[in-house]
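In my numbering, the protein residues as written are 1254 to 1541.
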């Protein structure tokens, strides 16, 4: 049966994460929410059993799983979807010289190819609704922080793709928003992560810096997921299109990227991730 309310489908709706917060916020504002994730038991409790939400098991890397989700949405809405939010993604942290190419391909699969696959599958529903697609990218696409090249490249691909899709979808009546997300405190860093450098790595002396980055150093002082979700929902409802920066120091980060000459921007990057300083310290330690 078609829902008379606005509908939204969000990927990666784990409780405590950005997707879960977006699902809760839309739910509270009266939308019918399709909360999707690989493990439905991890959905926010407010959505479980709600008459205004459907929790769907969805693996965005599986064409069969995506096709099944499309059919579930069609049955509920009569073949329309007002908003699709491609939120699922994965982070990876390693210097380029030590990065696993195979693992990097998995990052691109989830951060770029999966949003495109979701868009292709749900496009008929979005076109019918004259709806909106929202792709959650990252400020890492613009900020060349050391150790983030694989992740940043995958998000840069998403930014380029999303902005191109915006032009392609506009004549079909579909609006496109590219979220340039800066720091947000989420459950992504609850469990400590480690990256062990290979024995022959030239960066062995930076183990502490790598550990700090893997465990959320860039999220220090960031807004929480519900604050972030509230801003994103307001942005979507405002009719915005194109790139929208949201998160910790989003306005300053946007201005810094646009206005700073390269040498100033490099100083900003070094102030956030003191890579050169730590390399110099490591070198002195070897000489001592």
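Don't be surprised by glycine CBs; every beta carbon is placed ideally from N, CA and C.
- Ranking 1533, 1526, 1448 by CA distance to the CA of residue 1473 puts 1526 first.
- About 6 Å separates the beta carbons of residue 1398 and residue 1522, which is inside the 8 Å limit, making them a contact pair.
- Around the CB of residue 1466, 16 or more other CB atoms lie within 10 Å, so the residue is classed as buried.
- In the DSSP assignment, residue 1260 forms a beta bridge with 1285.
- Collapsing the DSSP output to three states places residue 1499 in a strand.
- In the three-state scheme derived from DSSP, where H, G and I count as helix and E and B as strand, residue 1333 is classed as coil.
- In the three-state scheme derived from DSSP, where H, G and I count as helix and E and B as strand, residue 1379 is classed as helix.
- The alpha carbon of residue 1435 has as its nearest neighbour, out of 1485, 1528, 1263, the alpha carbon of 1485.
- Collapsing the DSSP output to three states places residue 1475 in coil.
- Per the DSSP secondary-structure output, residue 1436 pairs in a beta bridge with 1501.
- Listed as beta-bridge partners of residue 1391 by DSSP are 1434.
- For residue 1413, no beta strand (DSSP E) encloses it; the enclosing alpha helix (DSSP H) starts and ends at 1402-1422.
- For the set 1346, 1506, 1404, 1394, the Cα lying nearest the Cα of residue 1459 is the one of 1346.
- The closest CA to that of residue 1313, considering only 1329, 1343, 1294, is found on 1343.
- Within the same chain, Cβ atoms closer than 6 Å to the Cβ of residue 1395 are found at 1510, the five residues on either side in sequence being excluded.
- Here residue 1308 carries a strand assignment [DSSP, helix/strand/coil].
- For residue 1339, the three-state secondary structure derived from DSSP is strand.
- DSSP lists 1336, 1428 as the beta-bridge partner residues of residue 1385.
- Beta-bridge annotation (DSSP): residue 1275 is not paired with any residue.
- Nearest C-alpha to residue 1530 among 1323, 1461, 1478: 1461.
- In this structure, residue 1320 sits near residue 1374, with a CB-CB distance shorter than 9 Å.
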